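For reference, the structure discussed in these notes is given below.
Protein chains: 2
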Amino acid sequence: MSGLVAELESLAPTMAPDAVLTDPDRMAGYRWDRANDPTAGTPVAVVRVSSTEDVQAVVRLAARHRVPIVTRGAGTSLSGGSTAADGCVVISTERMRRIEVDPLTRTCRTEPGLFNAEVKAAAAAHGLWYPPDPSSFEICSIGGNIATNAGGLCCVKYGVTTDYVLGMTVVLADGTVVELGGPRIKDVAGLSLTKLFVGSEGTLGIVTEVVLRLLPAQRPPSTLVATFGSLTDATGAVCEMTRTMRPSMLEFMDQASINAVEDMTRMGLDRSAAALLVIQSDEPAEFALAELEAISEICSRYRASEVFHTDDPQEGEAFVAARRAAIPALERRGSLLLEDVGVPIPQLSDLVDGIAAISANRGVDIAVVAHAGDGNTHPLIVFDPSDTEQVERAQAAYGEVMELAIGLGGTITGEHGVGRLKKAWLPDQLGEEAMELNRRIKQALDPDGILNPGVIF
Amino acid sequence: MSGLVAELESLAPTMAPDAVLTDPDRMAGYRWDRANDPTAGTPVAVVRVSSTEDVQAVVRLAARHRVPIVTRGAGTSLSGGSTAADGCVVISTERMRRIEVDPLTRTCRTEPGLFNAEVKAAAAAHGLWYPPDPSSFEICSIGGNIATNAGGLCCVKYGVTTDYVLGMTVVLADGTVVELGGPRIKDVAGLSLTKLFVGSEGTLGIVTEVVLRLLPAQRPPSTLVATFGSLTDATGAVCEMTRTMRPSMLEFMDQASINAVEDMTRMGLDRSAAALLVIQSDEPAEFALAELEAISEICSRYRASEVFHTDDPQEGEAFVAARRAAIPALERRGSLLLEDVGVPIPQLSDLVDGIAAISANRGVDIAVVAHAGDGNTHPLIVFDPSDTEQVERAQAAYGEVMELAIGLGGTITGEHGVGRLKKAWLPDQLGEEAMELNRRIKQALDPDGILNPGVIF
């Protein structure tokens, strides 16, 4: 191991200044991500790479020593996908920040270290739009988005990260550099390997550059906010809407999240509502109006207590911001165990009811926000970390929510990734045959298992 | 081998009547696809499976005997993707025709044997839409579409097959049945294996069921047709349009295809035009008008000789049908070698010019139609199969067109697949590292190489 560190330090002069960190104090910030896994390990070194060549050099050394590599973007993983393993080398992509937008092909070529919001901004400077929008878009890296096949609020109409990845440069477990795809909307030459690496959570290779597809700028959306006296009415309305319409956003907050956000923002949300929906349409003006009127009619039919509509994008954004604020607002109430379960839309009501039952049964607060139009929910289990008995109940509830989702034909993770935290439940969802197929691919690409060990597998 | 045939025949009673064919006359129709590869082999048996269990039983036998398996949908491959190998078992999915549309999740679950048009029709019966639309949509199977990650005319706005595949049942090379994904828009649990099988051309597994994402019915499109006196003007206009707009169709025909179609249809196309664009917008009425007006303005700026606009969907469809008729129309003039090369949009002009140069240099006619908005072109090399010297020149041109595309940063196949016909050029496009990665995945999933041997690899 010390041999590896010495070799990494001898690489340092070929890299940008201060690239190789071995001081425990300086490495501390690279051990955890936002999942705060208490079992996080201690790396032997952190390398802040600046190029594909840097990554290749580090991977070659680590492979020779069979030392684990944990790749890290901005460290915002909510499932422990970028948590350090003991004795690993952390490859941090924070310095890989080049981006080049090509308006002619409506694509951009970007390195993994940029924040999602920076990719959006670079595209916007050319009148273009990169749709995927995790709630953490201002602080999460595009590399992490690729690793988890991240989603967000736009997915109900505009799909997820993989729908925008046309090509990439990836460093394999043995240090081989491979170029896949390119700025071509259609390309079926060879196997769909680009798509395989998207969502692989750093377990198959290290993505050092991506080609992303961009769209023309989104039209300013109109917004509708509706409150409901019952959860069933709210989820019923969602189900009715998604059958025939394509709103550009369809978000859900339950009473606990409404109140947490209201505590923080004092923006006048109805604390008595059982649920609130934030819905947007980005159709051209009159058509947005027509779409939201039809949606308003559905809300009324499902006994909405209040329906508010605005075509002022700023005013609409305030409600979207309220929805995004749910996680920070709930963090004020205690520690969070953050779920990411999804179900087919018609099962949304059963999922939300089932979560309420788990909450009552385990005696822990579970607030629910959701990308309702995708059936992707984020139950947020709030607990007091100093109360070990409560921690246990929270952890029991965490597993039960995933089991509930699996039982409803759903998924344990819609957009955050399996990471370290959810892998115990993965076989229950996938089944033995699909697990074995996952392992076969992993074995083929990383036979020594050095890439992000403990994640997924 | 004869042992295998006897065992297959002993399986027959467990299957629907007349499932196992071994009579050479009855098997003849299963040897070739639309690529008409003269090197097509002779199968030892054709099994017309009706279920996943049938496929599993056949694969287990074939695997035990290490006999190749060629899976066949409707046999419309243009690249030899469903051409029989000598001594193989052909698994024909023509009888696997169940489909179930679920309007609540806006998905359908379908077996591979349905035609693309039948999937569209089943969706339409519920007011829903399955977008991918290869020109052969009335005669190509959805299973073949999955195998090639098929595209079509809608892709410029609505993406390709993989964008609509949410899950599948797949039989692996050893007969293991695996369920992947499901009717969930977001699901990142485990590796993105569904996406890996899409476009794998029957070389990694046999897809026996898929879950497809559907959209609400498309709005009736408005259509604009423009003719140009020069190819460069036409491709320049395309490039200008795709920078800022999202037409729902953007198709190109050159003079040779215009004339071939006019010979067949007598619909009054301008025979003197160097190029014709067929463009559609499916925005809401006035916005379609505005979009097509802006496009019309671009056409004028690029010296269009004539611009015609209609919001009558029937009238518009006549021009789309003309574009689709190009291949049958050119087939009247001789045999065709059908290309599928794509380039980044700004290189479209260089590609079209380069093809003209190859045509002149080799003294063979090459007509070009294109899904211009994707940069995906179909140069059609017309030759007299009885003239061996001309056949050689046509074949030389076939390779040169692919080399041209690769040199322009493009692909040898945008939507038809590599098949048997293009695999010699695949390493030039992908490079040695990506080829090796393709082989590693193939080796992991089909170590004995029994699935569609001779295709891609």
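Chains A and B are the protein sequences, given in the same order.
Numbering-wise (full-length UniProt numbering), the first sequence opens with residue 1 and increments by one.
Numbering-wise (full-length UniProt numbering), the second sequence opens with residue 1 and increments by one.
Positions of the beta carbon are idealized from the N, C-alpha and C atoms, including for glycine.
This structure is a prediction, so every number in the text was calculated from the model and none was measured.
{"Item": "For a contact meaning CB atoms closer than 9 Å, what does His120 of chain A contact in chain B?", "Value": "The displayed chain sequence assigns Lys, not His, to residue 120 of chain A. Result: empty, since nearest Cβ-Cβ is about 18 Å, beyond 9 Å."}
{"Item": "Among A:Thr176, A:Asp312 and A:Asn145, which one has its Cα closest to the Cα of Gly431 of chain B?", "Value": "A:Thr176"}
{"Item": "In the DSSP output, which residue or residues are listed as bridge partners for Ala275 of chain B?", "Value": "B:Phe228 and B:Asp254"}
{"Item": "What are the residues of the stretch 150-161 of chain B that lie near chain A, defined by any Cβ-Cβ distance shorter than 8 Å?", "Value": "Gly151, Cys155, Val156, Gly159 and Val160"}
{"Item": "Measuring only between beta-carbons, confirm whether Leu212 of chain A sits less than 8 Å from chain B.", "Value": "no"}
{"Item": "Identify the contact partners of Thr411 of chain A in chain B, using a Cβ-Cβ distance below 7 Å as the criterion.", "Value": "Arg184, Asp187 and Ala189"}
{"Item": "Residues in its own chain within less than 7 Å of residue 483 of chain A by CB, not counting five upstream and five downstream?", "Value": "No answer is possible for residue 483 of chain A: it lies beyond the span of chain A, which begins at 1 and ends at 457."}
{"Item": "What is the C-beta distance between Gly113 of chain B and Ala84 of chain B, in whole angstroms, given that I count them as a contact (C-beta under 8 Å)?", "Value": "No, Gly113 of chain B and Ala84 of chain B are not in contact; Cβ-Cβ is about 18 Å, not under 8 Å."}
{"Item": "In terms of residues, what are the limits of the alpha helix (DSSP H) holding Val391 of chain B?", "Value": "Thr388 to Gly407"}
{"Item": "Output the distance between the C-alpha atoms of Asn259 of chain A and Leu269 of chain A, rounded to the nearest integer angstrom.", "Value": "8 Å"}
{"Item": "If we define contact as Cβ-Cβ less than 8 Å, is Asp163 of chain B a contact residue for chain A?", "Value": "yes"}
{"Item": "For Ile91 of chain A and Pro43 of chain A, I'd like the C-alpha separation in whole angstroms.", "Value": "10 Å"}
{"Item": "Along chain E, which residues have their Cβ under 9 Å away from the Cβ of Ala434 of chain B?", "Value": "In the structure shown, chain E does not exist; the protein chains are A and B."}
{"Item": "Assuming Gly151 of chain B contacts Asn376 of chain B (C-beta within less than 8 Å), just tell me the rounded distance between them.", "Value": "7 Å"}
{"Item": "Three or more C-beta pairs under 8 Å: does that hold for the stretch 294-301 of chain B against the stretch 224-235 of chain B?", "Value": "yes"}
{"Item": "Could you spell out the range, first to last residue, of the beta strand (DSSP E) harbouring Arg48 of chain A?", "Value": "Ala45 to Arg48"}
{"Item": "For Gln218 of chain B, decide whether its Cβ has a neighbour in chain A, counting only Cβ atoms nearer than 8 Å.", "Value": "no"}
{"Item": "Indicate the three-state DSSP secondary structure (helix, strand or coil) for Ile298 of chain B in the structure shown.", "Value": "helix"}
{"Item": "So, with DSSP's three-state summary, where would you put Asn452 of chain B?", "Value": "coil"}
{"Item": "Going by the CB atoms, is the gap between Val178 of chain A and Val170 of chain A shorter than 8 Å?", "Value": "yes"}
{"Item": "What residues from the stretch 232-259 of chain A come within 7 Å of chain B, judged by C-beta to C-beta, listed N to C?", "Value": "Cys239, Thr242, Arg243, Thr244, Met245 and Arg246"}
{"Item": "Check each residue of the stretch 417-446 of chain B: if its Cβ is closer than 9 Å to any Cβ of chain A, include it; give the result in chain order.", "Value": "Gly417, Val418, Lys422, Trp425, Leu426, Gln429, Leu430, Gly431, Glu433, Ala434, Met435, Glu436, Leu437, Asn438, Arg440, Ile441, Lys442, Gln443, Ala444 and Leu445"}
{"Item": "Measuring only between beta-carbons, confirm whether residue 458 of chain A sits less than 8 Å from chain B.", "Value": "A question about residue 458 of chain A goes unanswered here, because the residues of chain A that appear run from 1 up to 457."}
{"Item": "Pro284 of chain B touches chain A at which residues, Cβ-Cβ below 9 Å?", "Value": "Glu283, Pro284, Glu286, Phe287 and Ala290"}
{"Item": "Using the beta-carbon of each residue, which ones in chain A are nearer than 7 Å to Gly342 of chain B?", "Value": "Arg184, Lys186 and Asp187"}
{"Item": "Where do the N-terminal and C-terminal ends of the alpha helix (DSSP H) with Phe319 of chain B fall, by residue?", "Value": "Pro313 to Arg324"}
{"Item": "At the 8 Å Cβ level, is Glu100 of chain B part of the contact set with chain A, yes or no?", "Value": "no"}
{"Item": "How many Å lie between Val364 of chain A and Glu100 of chain A at the Cα?", "Value": "48 Å"}
{"Item": "Could you pull out every residue in the same chain whose Cβ sits closer than 6 Å to the Cβ of residue 459 of chain B, ignoring the five residues on either side in sequence?", "Value": "Residue coverage of chain B in this structure runs from 1 to 457, which leaves residue 459 of chain B outside it and unanswerable."}
{"Item": "Assign Met249 of chain A to one of two classes, buried (16 or more other C-beta atoms within 10 Å of its C-beta) or exposed (fewer than that).", "Value": "buried"}
{"Item": "Tell me, please, which residues DSSP counts as bridged to Asp102 of chain A.", "Value": "A:Thr107"}
{"Item": "CB Leu128 of chain B to CB Leu214 of chain B, shorter than 8 Å?", "Value": "yes"}
{"Item": "What residues in the stretch 21-47 of chain A bring their beta carbon closer than 9 Å to a beta carbon of chain B?", "Value": "none"}
{"Item": "Can you check whether the CB of Ser50 of chain A is closer than 8 Å to the CB of Met27 of chain A?", "Value": "no"}
{"Item": "DSSP puts Ala367 of chain A in a beta bridge; with which residues?", "Value": "A:Leu380"}
{"Item": "Using beta carbons (cut-off 8 Å, strictly below), is Asp374 of chain A in contact with chain B?", "Value": "yes"}
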